[in-house]
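Chains as they are written, first to last, in the numbering used here: chain P, 420 to 541; chain R, 420 to 541. Even for Gly, the Cβ is constructed at its ideal location relative to N, Cα and C. Small disclaimer: the values here were computed from a predicted structure and weren't measured. Here's the structure we're looking at; comments come further down.
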DNA sequence: GTAACGTACAACCAAATGGTTGTAGATGGG
DNA sequence: CCCATCTACAACCATTTGGTTGTACGTTAC
């Protein structure tokens with residue numbers, strides 16, 4: 420898809436929601452809320468290979484949803500407490516953006532189909 | 420990937436976050452909040468084919484983020500006002516699940532297997 | 001009626017995703 | 001030291017995703 424017209428903020432939101440769009444990863448977030456869960460221990464909870472779990476953790480990490488911390492030969496995974504707040508902020512931004520548009524016309528759009536729109540992107 | 424161990428609620432959340440994990444689709448949500456936009460008109464706003472835009476709209480629709488309504492030969496797209504609320508609820512459920520987990524236990528997560536099949540949160 | 005518009009959908013393609021196995025590097029225990 | 005454990009990462013594969021073009025069909029305008 421060669422995304423090149425997006426700024427880093429957009430891509431961060433992409434990664435955030437993409438990471439959340441998988442039941443296994445959401446379950447990992449639940450399990451790692453208390454922190455201190457090694458990747459191996461986490462992997463034991465799922466019917467897939469260790470490498471697959473590693474990849475999921477990487478996705479979560481790059482999305483900023485978990486952090487990893489080395490302790491000896493183990494890598495401890497823990498859900499970032501601020502993660503949901505960040506996701507919520509992304510949702511809020513989305514909502515307020517479209518609400519703003521709705522707001523400007525909440526009363527006056529009765530039969531006005533289309534009147535003033537100007538999708539001036541082209 | 421032939422997901423078959425997930426219930427419909429999980430798959431709905433998958434679709435919801437997946438739909439949100441794309442900057443083009445998020446922009447569509449913003450544009451369609453303010454009123455009904457036909458798919459063609461929407462398509463004019465993006466540097467891609469009409470068919471590609473159609474696919475994005477389908478993804479948004481299957482995620483419950485927009486609804487389509489026929490008017491003559493046009494198909495009007497509008498963002499579901501409850502959509503963000505639903506996404507937020509999904510986030511809340513996630514967060515409270517892991518907070519509960521942090522809360523009520525700390526040592527019994529050793530032999531937990533079976534993964535997402537039994538996140539006994541009830 | 002015919003042409004133009006708006007939509008639907010199929011076929012196709014490149015790239016990303018999610019999984020596997022295998023190999024190799026650190027780290028800790030006997 | 002040797003071995004088991006934990007992690008990292010590469011190579012590979014099947015499916016999905018996101019895009020394209022082309023075709024078909026209903027609706028509106030002329």
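Practice task
With residue 427 (chain P) as the anchor, note down where its alpha helix (DSSP H) starts and where it stops.
Solution key: Taking the first residue of the first chain as position 1, residue 427 (chain P) is located at position 8. Here the alpha helix (DSSP H) through residue 427 (chain P) covers 427 to 439.
Exercise for the section: Would you mind stating whether residue 469 (chain P) and residue 478 (chain P) have Cβ atoms separated by less than 9 Å? Expected result: Translated into the one-based positions of the first chain, residue 469 (chain P) becomes position 50. Translated into the one-based positions of the first chain, residue 478 (chain P) becomes position 59. Not in contact: residue 469 (chain P) and residue 478 (chain P) (Cβ atoms no closer than 9 Å).
Problem - Amino acids of chain R, ordered along the chain, whose beta-carbon sits closer than 7 Å to that of residue 501 (chain P) - result: Position 82 of the first chain, counted from the start, is the residue given in the question as residue 501 (chain P). Those within 7 Å of residue 501 (chain P) in chain R number zero; the least Cβ separation is about 11 Å.
Handout entry: Same chain only: Cβ atoms within 7 Å of residue 496 (chain R), ignoring 5 sequence neighbours per side
Key = In the second chain, residue 496 (chain R) corresponds to position 77, counting from 1. Cβ neighbours of residue 496 (chain R) beyond the five flanking positions: 451, 455, 456, 458, 461, 476, 485, 487.
Practice task
Using a Cβ-Cβ cut-off of 9 Å, state whether residue 469 (chain R) counts as contacting chain P.
Solution key: As a working note, residue 469 (chain R) is residue 50 in the second chain. With 9 Å as the cut-off, residue 469 (chain R) does not count as an interface residue toward chain P.
Problem - Status (buried if at least 16 other CB within 10 Å, exposed otherwise) for residue 508 (chain P) - result: To locate residue 508 (chain P), count along the first chain from 1; it is residue 89. Residue 508 (chain P) comes out exposed.
Problem - Buried versus exposed call for residue 444 (chain P) [16 or more other C-beta atoms within 10 Å across all chains shown] - result: Against the first chain, residue 444 (chain P) aligns to sequence position 25. When all chains shown are included, residue 444 (chain P) counts as buried.
Problem - Reference residue 453 (chain R); option with closest CA among R:433, R:431, R:499 - result: For the purposes of this step, residue 453 (chain R) is identified with residue 34 of the second chain, where counting begins at 1. Closest option to residue 453 (chain R), Cα to Cα, is R:499.
Handout entry: Buried or exposed (CB count within 10 angstroms, at least 16 for buried), residue 396 (chain P)
Key = Since the displayed chain P opens at 420 and closes at 541, residue 396 (chain P) lies outside it and no answer follows.
Problem - C-beta contact flag for residue 439 (chain R) and residue 448 (chain P) at 9 Å - result: If you number the second chain from 1, residue 439 (chain R) lands on position 20. If you number the first chain from 1, residue 448 (chain P) lands on position 29. No; because the gap between Cβ atoms is not below 9 Å, this pair is not in contact.
Problem - Which of helix, strand or coil DSSP assigns to residue 505 (chain P) - result: Against the first chain, residue 505 (chain P) aligns to sequence position 86. Three-state result, residue 505 (chain P): helix.
Exercise for the section: Return helix, strand or coil for residue 515 (chain R), following the three-state DSSP convention. Expected result: As a position in the second chain, residue 515 (chain R) is number 96, starting the count at 1. Note: residue 515 (chain R) maps to helix in three-state DSSP.
Exercise for the section: Keeping to the same chain, check which residues put their C-beta closer than 7 Å to that of residue 434 (chain R); ignore five residues upstream and five downstream. Expected result: Reading the second chain from its first residue, position 15 is the one you call residue 434 (chain R). Around residue 434 (chain R): 481, 482.
Practice task
Report yes or no: is there a C-beta of chain R within less than 9 Å of the C-beta of residue 596 (chain P)?
Solution key: Not covered by the structure: residue 596 (chain P). The range shown for chain P is 420 to 541.
Practice task
Starting from the Cα of residue 504 (chain P), find the closest Cα among P:426, P:425, P:432, P:427 and give me that residue.
Solution key: Taking the first residue of the first chain as position 1, residue 504 (chain P) is located at position 85. Nearest C-alpha to residue 504 (chain P): P:432.
Exercise for the section: Please report the Cβ distance between residue 428 (chain P) and residue 510 (chain R), rounded to the nearest whole angstrom; I am assuming they are in contact, meaning their Cβ atoms lie under 8 Å. Expected result: To locate residue 428 (chain P), count along the first chain from 1; it is residue 9. To locate residue 510 (chain R), count along the second chain from 1; it is residue 91. Rounded, the Cβ-Cβ distance is 19 Å, inconsistent with contact.
Practice task
Taking all protein chains shown into account, decide if residue 501 (chain R) is buried (16 or more other Cβ within 10 angstroms of its Cβ) or exposed.
Solution key: Translated into the one-based positions of the second chain, residue 501 (chain R) becomes position 82. An exposed status is given to residue 501 (chain R), since fewer than 16 other beta-carbon atoms sit within 10 Å of its beta-carbon.
Problem - Distance between residue 494 (chain R) and residue 472 (chain P) (C-alpha atoms, nearest Å) - result: Here the question's residue 472 (chain P) lines up with position 53 in the first chain. Here the question's residue 494 (chain R) lines up with position 75 in the second chain. So the alpha carbons of these two residues sit roughly 42 Å apart.
Exercise for the section: Count the other C-beta atoms from every protein chain shown that fall within 10 angstroms of the C-beta of residue 426 (chain R), then say buried if there are 16 or more, exposed otherwise. Expected result: Start at 1 with the first residue of the second chain, and residue 426 (chain R) comes out as number 7. Label assigned to residue 426 (chain R): exposed.
Exercise for the section: Compare the Cα-Cα distances from residue 515 (chain R) to each of P:436, P:446, P:492, P:490 and report the closest residue. Expected result: Locating residue 515 (chain R) in the second chain gives position 96, counting from the first residue. Residue P:446 is the option with its Cα nearest to residue 515 (chain R).
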